[in-house]
Structures are given as C-alpha cells and as structure tokens.
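**Q** Take this structure first; my questions come after.
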Amino acid sequence: MALRPLTRLLQASVSAARLHTPPPSLHRSPLACPSLLSTTQAVPFSTSRVARFSFNVQDEADFKDRVLKNTKPVVVDFHATWCGPCKVLAPRLDKVISAKGGDVELAKVDIDNLQEIAMQYDVRAVPTVVGMKDGKVVDTFMGLVDEDILEVFVEKLSM
Amino acid sequence: MPPVTANGADLKAAIQKYIADNKVMVFSKSYCPFCKKVKDLFNSLSVTYTALELDQIENGGDLQNALHELSGQKTVPNVYINQAHVGGCDDTLKLHTDAKLLPMLSENTQTYDYDLIVIGGGSGGLAASKEAGKLGKKVLVCDFVKPSPIGTTWGLGGTCVNVGCIPKKLMHQAALLGHAVDDSRKFGWEVPEAVKHNWNTMKEAIQSYIGSLNWGYRVALRDKDVKYENAYAEFVDPHTIKTVNRRGKENTATAERFLVAVGMRPRYPDIPGAKEYGITSDDLFSLPYCPGKTLVVGASYVALECAGFLRGIGLDTTVMVRSILLRGFDQQMAEKVGAYMEKGGMKFIRGCVPTKVERLEEGQPGKLRVTGMQDGKEVVWEGNTILFGIGRDAVTEGIHLEKAGVQFNTKNGKIYGNDEEQTNQPHIYAIGDVLEGKLELTPVAIQAGKLLAQRLYGGSQAKTDYVNVPTTVFTPLEYGACGLSEEDAIAKYGEDNIEVYHSNFQPLEWTVPGYDPNDCYAKIICNRQDNERVVGFHVLGPNAGEITQGYGAAMKCGMTKAQLDTTIGIHPTNAEIFTTMDITKGSGEDPTKTGC
C-alpha cells in the first residue's frame with residue numbers, strides 16, 4: 011500500500027483540523043491534556059459496540075498488558091490530537107475492527123502522551139498503524155488509507 | 104584531503120584541538136615502523152586512540168613543523184595522553200614497561216554519562232544537540248516548560264516554535280488576510296460586506312501545525328541519537344545535574360560539557376491582579392477563546408506585534424506605553440511603526456503605567472478594569488483581556504548556576520560568555536537569549552548552537568558573527584532592520600561622519616485601494632569615512648522581512664552606497680527603492696512622494 015509523503019500528511023492535518031476541532035483546551039502539554047480528553051474517545055465505553063473492542067492506551071504498563079500480552083491480534087493506532095488525517099482514519103478503523111466482532115482489538119495511542127512507545131515503534135508521522143500478534147509487529151502502514159485497504163490489513167492480521 | 108588551515112597559528116590551534124579532543128592522540132606516518140609499534144601497543148592493550156597520518160594529508164609537513172614548535176619533538180610518532188606530551192616510540196614503550204602507561208590512561212579522566220548535556224530544548228539547544236549527535240557524541244537534552252501563571256504549557260521546541268515567531272507570524276498573516284479581503288473589493292472581488300473572523304478556527308489550525316512541529320523535533324532528536332528528557336534540570340555541581348520530570352521523578356546525570364540554553368519568559372509588573380488576571384504572549388496563541396477588547400501593556404516588539412494582529416483581526420485594541428516604542432530600535436522607524444498602527448484604529452495611551460488590575464466579571468473572556476497612572480492622573484480602561492509585553496527575563500534562577508560556579512548577571516539572570524559562547528567555567532557554555540549582551544533572535548541561537556557543536560566536536564574554528572544580523576518586527580506594517588540605528592550610528596561614528604539617505608515609497612498594490620503613498624519608508628545610514636559603506640539599513644513596508652534578508656546578505660559583503668546605485672532594481676517592487684535613493688537627510692529635501 012502506498013505511503014503518503016510526510017509533507018502531505020502535515021498539510022492535510024492543518025486543513026482537516028478545521029473540520030474536526032478537538033475540544034478547546036488551554037493546556038497543550040501531555041501533562042494537561044490527558045488522553046481522556048482525546049476526541050478519539052468521543053464514544054463512551056459502556057454503550058458502544060465499537061468501544062468493546064477498542065481502548066485508549068493509558069501508559070506503558072497498560073500497553074504491555076493489553077497490547078503486548080494480548081492473546082488476540084491488536085491493531086495499534088498511533089495518533090495525535092493535532093493530526094487531521096488521524097481523525098478521519100479513526101472512525102474507519104473503528105468500523106472495520108467492530109466488523110470483526112472481537113477477533114481483533116484496537117489500541118489507540120496518543121503519541122504526545124506516550125512518546126516513548128511511539129518512539130519505540132518508530133512513529134515518524136501520524137497516523138501510523140501497526141498490526142501486532144503475540145507482542146510482535148507483523149504489519150504497518152503510515153497515512154490515511156481507504157476502508158477496503160483497512161479491511162485487508164485487519165483480515166491478514168486475524169488469519 | 105584538503106589542507107587543514109594555512110597559517111602557523113591556525114595550524115597550532117588545529118593540533119591543540121586534536122590533543123584536547125582525544126584522550127590518546129598519536130601523530131603518525133602510515134609507513135613509519137616506529138609509529139606502527141606504538142599503534143600495535145595500544146591495539147594490544149585495547150586502548151582507543153586517534154592517529155593522524157601526516158603523510159596522508161596535504162599539509163602534513165606544515166603540521167609536523169607546528170607540532171615541533173609545540174612539543175619540541177621533531178619526529179613521529181608524537182604521542183599525547185590526556186593532553187600531556189608523552190614523546191615518541193621509545194618513550195611510550197618505556198612507560199608501558201615501567202607499568203606507568205595503564206595507570207596514566209585511567210588517571211585524571213572521570214567518565215561521564217554524556218559528552219554533552221543541553222539544558223533547554225529551544226532553537227539553540229536543539230540545534231547544538233542535533234549537531235553534536237550527528238558528530239557522534241553522546242548527548243542529553245532536558246526541556247521542561249513551567250506553566251504560565253494561568254497554566255499554559257507547551258511542547259518541545261522552545262519559545263519561537265510554540266509561543267513566538269511561528270504563531271506570531273501566522274496570526275499576523277490572519278490579520279493581513281483580513282486587510283486583503285478589504286482591498287480585494289477594489290480589485291473587483293465581490294466579497295460580502297460582513298466578513299467575520301473566527302478565533303478558534305485560527306487558533307486550532309495554528310496549534311495543529313505547532314503540534315506537528317513538536318513531534319518533528321522529537322523525531323529529529325531520535326534520528327541523531329540524542330537522548331531527550333522532558334524534565335527540569337538544575338546543576339548539583341559543575342559536572343552533574345539533577346532532573347525532575349513532570350511526575351516528580353528525580354534523576355541525576357553527569358557530563359563532560361554543558362550547554363545552557365534555557366531562554367527567557369515574559370515579565371509581569373508587580374501590581375495587584377497582574378498574574379491573576381493578566382496574560383502574556385505565552386498564553387495568547389493557545390487562548391481557548393477570543394480575547395475580545397484587549398489592553399496591551401508595553402511597547403516591546405512582542406507587545407506591538409500582538410497588539411497589531413489583534414487589531415488586525417478586528418478587536419478593539421489599546422496599547423499602554425510607559426515611554427518610547429521599540430526600545431533599542433531606530434526611533435524614527437519606531438515612531439512610524441506606531442503612527443501606522445494608530446491609523447489602523449489602534450489606540451495608544453502614552454506615558455502611562457498600570458497600577459492595578461481588577462476583575463469585574465468572570466468568563467471567557469471575562470471583564471476587567473485596569474487602572475493606570477498618566478502624568479499623575481488616574482486612567483481607567485475596561486475591557487476583556489490585558490496582555491503584558493513589558494519585557495522578558497532569563498529563566499536561570501532555578502537551575503542553580505552558582506553550584507556549577509557559572510557567573511551571571513544577577514539583575515537579569517543572563518549568563519556572561521566570551522565570543523565562543525563559553526562561560527567562566529571552561530566546560531559550560533551558554534547560547535541564545537540567555538547569553539548576556541547578545542541578540543535575542545532564534546536564527547542567532549541556531550547558528551551559535553550549530554557552530555559551537557562543530558567547534559567542540561567537528562574540528563571547526565568558525566565562530567558566530569553577531570554583527571549585522573538582519574531582523575524584522577512583524578507589526579501591521581512590517582519593519583525590517585540590519586546594522587545600526589541612526590542613533591547608534593551617530594554615537595559610533597559622529598554625526599558629521601554619517602550620511603543618511605531616505606525615501607518614502609508606495610507599494611504598487613496600494614495604489615488601486617488608494618492608501619497613503621507616504622506610509623512606507625526606506626532609510627540607509629552610510630559611513631562617509633569608509634567609502635559610504637552602509638552601516639544601517641531600515642525599511643518599513645509590506646514584506647519587510649523578505650526585503651531585509653537579501654540586503655542583509657549584501658551588508659555581510661560590505662555593501663556601499665555606490666554599489667547600491669549600480670544595482671538595477673526589479674520593477675515594480677518595494678525593494679527597488681534602495682537602488683534609487685538620492686535624497687540625503689542632511690539636504691533637508693522632502694523625501695515624501697507627492698505626484699505620480
């Protein structure tokens with residue numbers, strides 16, 4: 011699959027941000043902007059079908075427990091609040107994952123909050139999506155992709 | 104390989120650098136059996152050494168002569184350990200047989216966690232650390248933003264990226280676009296009369312861009328193998344720092360060398376309500392609501408730029424000024440900057456200082472009352488937001504420079520450095536805004552950081568040139584300058600020895616909308632005793648930054664008035680005015696434009 015050049019990603023992030031403005035927050039540091047405020051979690055856990063198979067990674071221990079030690083394949087969505095394409099990709103990922111009915115889980119990592127994890131997985135630009143099985147990376151892509159490509163990505167992962 | 108340098112002094116300096124930078128330094132010749140013996144010895148002992156093969160470089164002979172003068176030894180190998188002269192092959196082998204070599208190698212050399220620790224991840228600190236990382240050094244950068252009084256913080260990259268140049272210029276652009284919408288009607292665009300500006304749309308878009316820059320810096324550090332800690336660093340002793348991260352976790356780290364590049368933060372006046380209800384440029388660019396009717400206190404370039412774009416996006420804006428505008432800049436230009444702002448609807452309260460700030464109503468924005476004192480009389484302003492732009496202070500207070508033995512100016516916190524950015528402690532350096540007596544400009548800090556790393560680790564001798572640095576103030580009408588103000592030129596050369604050429608000019612684009620043909624102004628100050636060399640360059644007009652950058656390069660090359668006269672202008676541009684200046688201030692002739 012084609013990777014978008016970084017510059018296009020960044021341009022897209024600025025224009026798309028107008029359509030998908032995150033909730034106003036005075037604080038922009040990881041300290042003051044906990045992932046709970048992130049727009050990707052607009053859907054509450056308890057009531058949504060989507061949310062059952064997706065979660066926001068809270069910290070490094072959480073990543074270890076719910077991603078690395080997960081017995082199911084996990085799609086890790088590295089995203090940022092300032093990234094427009096991430097906000098377009100997120101609902102597509104939610105949809106494709108929920109269609110798998112729990113065979114594959116979706117872990118969302120805010121790269122500004124969890125810089126070390128993002129660094130470890132060589133995230134240079136966002137969105138970067140990593141497919142993992144048994145704690146190991148099996149596939150990865152960077153940039154905004156269409157739903158059918160996502161389906162193939164997730165399908166391959168769940169085989 | 105190109106020659107290292109040409110003259111004797113430089114050759115010696117180059118040799119001394121090899122000796123200083125390498126624990127074990129062997130000046131050698133590739134075919135020399137004695138040299139081979141010494142290198143074999145070090146290899147057998149697993150000692151890391153650096154060998155310079157004098158027969159394989161172009162000026163090896165000259166280097167050997169210089170080495171002779173330095174060490175008193177004519178032949179190779181010529182061995183230095185821990186910067187001490189050991190001698191030749193026999194001397195080195197004897198040291199080993201006397202069992203003195205290995206102790207010498209372990210003595211006097213503490214091992215540190217890092218080659219370089221950089222305190223401050225702004226423009227200067229990042230430039231230095233990336234360059235040092237690129238040159239193979241082990242580098243740690245500590246960056247930590249203490250929240251502003253109202254709680255604003257930001258990411259990696261320092262003032263320019265987060266709360267300075269970048270958001271400032273983008274908000275200036277927002278204001279210019281509003282102006283362009285007005286102009287466009289005269290050029291035939293049928294734009295509806297009621298166009299509104301949305302603060303949050305602008306703010307979010309700018310903050311998104313900044314977010315991507317913060318991440319870009321983080322990735323760049325990793326690419327250069329530079330370790331980054333989002334932690335506040337302070338000195339414990341001359342070679343050790345303590346870091347505290349945002350969770351309160353403490354760590355210590357040691358380094359052979361340090362670079363302090365902590366920059367500055369806005370100053371608040373010591374009056375009731377200032378910190379409780381006031382904001383500064385640290386808060387403005389990410390403010391989650393439109394500031395509304397705003398009072399800007401101060402006449403620094405930060406104050407005037409912020410006031411300028413706030414007025415430009417349609418807000419009722421007032422500037423409260425104690426005395427002069429743009430202290431340190433050419434005052435004729437500064438007054439013209441202010442006059443143009445006033446024409447654009449900016450209100451100025453001159454000769455006035457605030458005495459208290461009170462909150463009348465809470466809200467986003469709330470309502471404030473500011474009381475000031477002007478000529479002994481009380482002045483009251485009511486509005487939504489008060490922004491202080493009265494100056495900035497170096498943030499060296501908490502980093503315990505005294506524990507490292509570094510001397511600094513206790514009045515403003517700035518660090519004293521020599522022309523190589525070195526403090527009184529030879530292994531501690533300072534760059535950027537924190538350096539006493541130097542320019543507070545991002546590109547200066549970047550240049551200083553990069554060249555410093557190249558001198559420390561790359562064998563370079565190039566120093567940062569702090570003379571004739573071009574800069575631009577992004578007020579509604581931009582003001583670009585390079586070199587001396589008229590006041591400084593008079594003080595330096597004497598009034599009789601300078602010639603000032605000046606001219607008003609009208610941008611072609613201003614003719615159709617019918618703007619004042621005399622708002623824009625160009626001035627050069629020439630030294631009569633030196634071939635009318637241009638020592639000061641000043642321009643007030645659209646895109647002054649773009650104009651000044653080019654002429655700044657010319658001034659670096661020693662541009663004279665005659666050379667400007669022989670330069671052919673690009674027509675129609677604003678910059679071409681400098682190629683056709685023939686009115687001197689001394690002549691008393693009117694430089695304003697009257698006809699077509």
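Taken in sequence, the protein lines are chains U and W.
According to the numbering used here, numbering within the first sequence proceeds without interruption in unit steps and concludes at 169.
According to the numbering used here, numbering within the second sequence proceeds without interruption in unit steps and concludes at 699.
Heads up, the beta-carbon is just placed ideally off N, CA and C, and yes, glycines get one too.
7 angstroms is my cut-off, CB to CB: does Gly395 (chain W) come that close to chain U?
**A** To locate residue 395 (chain W), count along the second sequence from 1; it is residue 292. Judged by the 7 angstroms Cβ criterion, Gly395 (chain W) is not in contact with chain U.
**Q** Let me know the secondary structure DSSP gives Lys140 (chain W) once reduced to three states.
**A** Position 37 of the second sequence, counted from the first residue, corresponds to residue 140 (chain W). Looking at Lys140 (chain W) - three-state DSSP - the assignment turns out to be helix.
**Q** Determine, for Met169 (chain U), whether the minimum Cβ-Cβ distance to residues of chain W falls below 7 angstroms.
**A** Here residue 169 (chain U) is taken as the residue at index 159 of the first sequence, counted from 1. It does not; no Cβ of chain W falls within 7 angstroms.
**Q** In chain W, which residues lie with their C-beta within 7 angstroms of the C-beta of Met129 (chain U)?
**A** In the first sequence, residue 129 (chain U) corresponds to position 119, counting from 1. Going along chain W in sequence order, the residues near Met129 (chain U) (Cβ under 7 angstroms) are Arg325.
**Q** Sorted by chain position, which residues of the same chain lie with C-beta nearer than 7 angstroms to Thr575 (chain W)'s C-beta, five sequence neighbours on each side aside?
**A** Sequence index remark: in the second sequence, residue 575 (chain W) carries index 472 (1-based). If we look at Thr575 (chain W) and ignore the five residues flanking it on each side, its Cβ neighbours are Glu581, Tyr582, Gly583, Ala647, Gly648, Thr651.
**Q** Please name the residues in the region 67-91 of chain U whose beta-carbon is closer than 9 angstroms to at least one beta-carbon of chain W, in chain order.
**A** Taking 9 angstroms as the Cβ-Cβ cut-off against chain W, the residues of the region 67-91 of chain U that qualify are Ala90, Thr91.
**Q** Give a yes or no on whether the minimum CB-CB distance between Ser232 (chain W) and chain U is below 7 angstroms.
**A** Along the second sequence, read from residue 1 onward, the residue named residue 232 (chain W) stands at position 129. Chain U, which has no Cβ nearer than 7 angstroms to the Cβ of Ser232 (chain W), makes this no.
**Q** Rounded to the nearest angstrom, what separates Gly492 (chain W) and Glu481 (chain W) at their Cα positions?
**A** Stepping through the second sequence from its first residue, residue 492 (chain W) is reached at position 389. Stepping through the second sequence from its first residue, residue 481 (chain W) is reached at position 378. Each residue's Cα considered, the two are about 21 angstroms apart.
**Q** Taking only beta-carbon positions, decide if Gly314 (chain W) is within less than 7 angstroms of chain U.
**A** Here residue 314 (chain W) refers to the residue found at position 211 of the second sequence. Yes, its Cβ sits closer than 7 angstroms to a Cβ of chain U.
**Q** Out of W:Val642, W:Gly689, W:Cys409, which one is the CA nearest neighbour of Ala678 (chain W)?
**A** Taking the first residue of the second sequence as position 1, residue 678 (chain W) is located at position 575. Comparing Cα positions, the closest option is W:Val642.
**Q** Identify the contact partners of Trp613 (chain W) in chain U, using a Cβ-Cβ distance below 8 angstroms as the criterion.
**A** Within the second sequence, residue 613 (chain W) is the residue found at index 510, counting from 1. The premise fails here: Trp613 (chain W) is roughly 30 angstroms from chain U at the closest Cβ pair, so nothing lies under 8 angstroms.
**Q** Rounded C-beta distance between Val67 (chain U) and Lys118 (chain U)? I'm assuming under 8 angstroms.
**A** Along the first sequence, read from residue 1 onward, the residue named residue 67 (chain U) stands at position 57. Along the first sequence, read from residue 1 onward, the residue named residue 118 (chain U) stands at position 108. So it is a contact: roughly 7 angstroms between Cβ atoms.
**Q** With a cut-off of 7 angstroms, does the C-beta of Arg134 (chain U) fall near any C-beta of chain W?
**A** As a first step, residue 134 (chain U) is located in the first sequence; it is residue number 124 there, counting from the start. Yes, Arg134 (chain U) lies at the interface with chain W (some Cβ there is under 7 angstroms from its Cβ).
**Q** For Gly141 (chain U), which three-state DSSP category applies?
**A** As a position in the first sequence, residue 141 (chain U) is number 131, starting the count at 1. Note: Gly141 (chain U) maps to strand in three-state DSSP.
**Q** Use the C-beta contact count for Tyr134 (chain W): other C-beta atoms within 10 angstroms, 16 or more gives buried, fewer gives exposed.
**A** Within the second sequence, the letter at position 31 stands for residue 134 (chain W). So Tyr134 (chain W) counts as exposed.
**Q** Nearest CA to the CA of Ala724 (chain W): which residue from W:Gly411, W:Tyr569, W:Pro369, W:Ser174?
**A** Outside the modelled stretch of chain W, which goes from 104 to 699, sits residue 724 (chain W), for which no answer is possible.
**Q** What does DSSP give as the partner residues of Leu471 (chain W) in its beta bridges?
**A** Walking along the second sequence from the start, residue 471 (chain W) turns up at place 368. Note: Leu471 (chain W) sits in a beta bridge opposite W:Arg462, W:Gly486.
**Q** Can you confirm whether Glu322 (chain W), when its beta carbon is compared against all beta carbons of chain U, has any partner nearer than 7 angstroms?
**A** Numbered from 1 along the second sequence, position 219 holds the residue referred to as residue 322 (chain W). Note that residue 322 (chain W) is Val in the sequence shown here, rather than Glu. Yes, its Cβ sits closer than 7 angstroms to a Cβ of chain U.
**Q** Per DSSP, what kind of secondary structure is Ser56 (chain U) in: helix, strand or coil?
**A** Counting from 1 along the first sequence, the entry for residue 56 (chain U) is found at position 46. Interpretation of Ser56 (chain U) is limited by its pLDDT of 41, a score under 50 that renders its predicted location unreliable; the figure taken from the coordinates is listed afterwards. Here Ser56 (chain U) sits in coil by DSSP.
**Q** I'd like the list of long-range same chain contacts for Thr397 (chain W), defined as Cβ closer than 8 angstroms, with 5 residues on each side in sequence excluded.
**A** Locating residue 397 (chain W) in the second sequence gives position 294, where the first residue counts as 1. Correct list, in chain order: Ala410, Leu413, Leu418, Asp419, Thr420, Thr421, Gly486, Asn487, Thr488, Ile489, Leu490.
**Q** Is there a Cβ of chain U sitting closer than 7 angstroms to that of Ser311 (chain W), yes or no?
**A** The residue labelled residue 311 (chain W) in the question sits at position 208 within the second sequence. Yes, its Cβ sits closer than 7 angstroms to a Cβ of chain U.
**Q** Could you say if the region 520-539 of chain W and the region 372-389 of chain W meet the contact criterion of at least three C-beta pairs nearer than 8 angstroms?
**A** No, the region 520-539 of chain W is not in contact with the region 372-389 of chain W.
**Q** Smallest Cα separation from Gly466 (chain W): which of W:Gln525, W:Gly395, W:Val509, W:Val405?
**A** For the purposes of this step, residue 466 (chain W) is taken as the residue at position 363 of the second sequence. The option with the nearest alpha carbon to Gly466 (chain W) is W:Gly395.
**Q** Drop a sphere of 10 angstroms on the beta-carbon of Leu463 (chain W), count the other beta-carbons inside from all chains shown, and report buried for 16 or more, exposed for fewer.
**A** Working through the second sequence from its first residue, we reach residue 463 (chain W) at position 360. Looking at its Cβ environment, which holds fewer than 16 other Cβ atoms inside 10 Å, Leu463 (chain W) is exposed.
**Q** Specify the secondary structure class of Arg360 (chain W) as computed by DSSP and reduced to three states.
**A** Position 257 of the second sequence, counting from 1, holds the residue named residue 360 (chain W). Arg360 (chain W) falls in the strand class under three-state DSSP.
**Q** Just the C-alpha distance for His342 (chain W) and Lys439 (chain W), rounded to the nearest angstrom, thanks.
**A** The residue you call residue 342 (chain W) lines up with position 239 of the second sequence. The residue you call residue 439 (chain W) lines up with position 336 of the second sequence. Near 50 angstroms, if we compare the C-alpha coordinates of Lys439 (chain W) and His342 (chain W).
**Q** Any idea what DSSP makes of Phe73 (chain U), helix, strand or coil?
**A** Here residue 73 (chain U) refers to the residue found at position 63 of the first sequence. Phe73 (chain U) falls in the helix class under three-state DSSP.
**Q** Quick check: the region 96-116 of chain U against the region 293-304 of chain W, are at least 3 beta-carbon pairs closer than 8 angstroms?
**A** Because the criterion of three Cβ pairs below 8 angstroms is not met, the region 293-304 of chain W and the region 96-116 of chain U do not touch.
**Q** Can you pull the chain W residues whose beta carbon is under 8 angstroms from the beta carbon of Gly94 (chain U), in chain order?
**A** Walking along the first sequence from the start, residue 94 (chain U) turns up at place 84. Here the neighbours are Ser311.
**Q** Is DSSP giving Phe432 (chain W) helix, strand or coil here?
**A** By 1-based counting over the second sequence, the position of residue 432 (chain W) is 329. The answer is coil: DSSP assigns Phe432 (chain W) none of H, G, I, E or B.
**Q** Going along the region 111-128 of chain U in order, which residues come within less than 8 angstroms of chain W, judged by CB to CB distance?
**A** For the region 111-128 of chain U, which is checked against every Cβ of chain W, the residues closer than 8 angstroms are Ile121, Asp122, Gln125.
**Q** Using C-beta distances below 7 angstroms, list every residue in its chain close to Gly508 (chain W), excluding the 5 sequence neighbours before and after it, in chain order.
**A** The residue you call residue 508 (chain W) lines up with position 405 of the second sequence. Only Pro341, Gln528 meet the Cβ criterion.
**Q** Can you check whether the CB of Val264 (chain W) is closer than 7 angstroms to the CB of Leu316 (chain W)?
**A** Here residue 316 (chain W) refers to the residue found at position 213 of the second sequence. Here residue 264 (chain W) refers to the residue found at position 161 of the second sequence. Against a cut-off of 7 angstroms, the Cβ pair of Val264 (chain W) and Leu316 (chain W) comes out as a contact.
**Q** Verify whether the separation of the beta carbon atoms of Val347 (chain W) and Tyr335 (chain W) is less than 7 angstroms.
**A** Locating residue 347 (chain W) in the second sequence gives position 244, where the first residue counts as 1. Locating residue 335 (chain W) in the second sequence gives position 232, where the first residue counts as 1. Cβ atoms of Val347 (chain W) and Tyr335 (chain W): closer than 7 angstroms.
**Q** I'd like to confirm the pairing. Which residues does DSSP put opposite His188 (chain W) in its beta bridges?
**A** Here residue 188 (chain W) refers to the residue found at position 85 when the second sequence is read from its first residue. DSSP lists W:Tyr183 as partners of His188 (chain W).
**Q** Between which two residues does the beta strand (DSSP E) containing Pro252 (chain W) stretch?
**A** Translated into positions along the second sequence, residue 252 (chain W) becomes position 149. Taken as a continuous stretch (DSSP letters only), Pro252 (chain W) belongs to no beta strand (DSSP E), as it is neither H nor E.
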